[in-house]
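For the sequence shown, my numbering assigns the number 91 to the last residue and increments by one with no breaks. Beta carbons: idealized from backbone N, C-alpha and C, even for Gly. A quick note: this is a predicted structure, and the numbers were derived from the prediction, not measured.
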Amino acid sequence: MKAYKFITKVSDTGTIQIPSRELFDKEVEIIILPKPEPEKKKMTAMEFVQKWAGFLSNSNIDKAKLDYLSEKYCVI
């Protein structure tokens, strides 16, 4: 007995499309394993700070802001 593995989606009407023509018009045994939904963990404030800490630490932020605003409003 040969086993096939396909990743597919069950349609709104409940049908499953099988991509292998070898199985057309044959009796098959089907085992369905639903994929687990990925858990979206909410980031804590501490995790956020640890992730983004030092992101702009190598540049002079105040000077960059002044340059941007001076350029935007044509202040010389």
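Considering only the alpha carbon of each residue, which of the options lies closest to residue i?
| i | options | result |
| --- | --- | --- |
| V43 | V25, A79, M16, S85 | M16 |
| I31 | A18, E37, I45, K41 | I45 |
| F21 | P34, P49, K41 | P34 |
Along the alpha helix (DSSP H) that carries residue i, what are the first and last residues, could you check?
| i | result |
| --- | --- |
| I76 | 76-87 |
| V64 | 60-67 |
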